[in-house]
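Working notes for the structure below.
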Amino acid sequence: MHVLLQHPYTADILANLENHNVVANGLIHQTYDANNADGIELGNSQNMMVFNNVFDTGDGCINFAARYCFFAFASWARILAR
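In short: position in the sequence shown from 1, add 579, done, that's the working numbering.
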């Protein structure tokens, strides 16, 4: 079975932030007409598996959410500074 995710209204089809043990298998990501359209976003997660997918995106196919990790660290640093 395949799932077609075409022209989403958001930039990322799958945003996996702070998740554990997630598998993305057999997906077709078509976000080429969306602005800043990553196919899948992974951030601060463990045991993520992405395989057997097709990416036709307007931006990155797989984004590792570096900005998410930075903002999480920045918030944590502000709490410690108080």
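Glycine is no exception: its CB is placed at the ideal position from the N, C-alpha and C atoms.
Mind reading off the beta-carbon distance from residue i to residue j? Whole number of angstroms is fine, and I expect it under 8 Å.
i: D638; j: H608; result: At roughly 11 Å, the Cβ-Cβ gap does not stay under 8 Å, so D638 and H608 are not in contact.
Starting from the C-beta of residue i, find all residues in its chain whose C-beta is less than 7 Å away, skip the five residues before and the five after it, and write them out in chain order.
i: A616; result: A590, T610, T636, G637 and D638
i: F630; result: N604
Near residue i, what residues of its chain come up, given a Cβ to Cβ distance below 8 Å and the 5 sequence neighbours on each side ignored?
i: N632; result: A603, N604, G605, L606, I607, H608, G618 and I619
Among the options, which has the Cα closest to the Cα of residue i?
i: A644; options: S624, M628, A613 and V629; result: S624
i: N600; options: M628, C640, N642 and I641; result: M628
What residue does the beta strand (DSSP E) around residue i start on, and which one ends it?
i: G622; result: I619 to G622
i: A603; result: H599 to N604
i: F643; result: Element bounds for F643: n/a, residue is neither H nor E.
i: D635; result: V633 to T636
i: N626; result: Q625 to F630
Give me, in chain order, the residues of the same chain whose beta-carbon lies closer than 6 Å to that of residue i; leave out the 5 immediate sequence neighbours on both sides.
i: N598; result: S624
i: C640; result: G618 and F634
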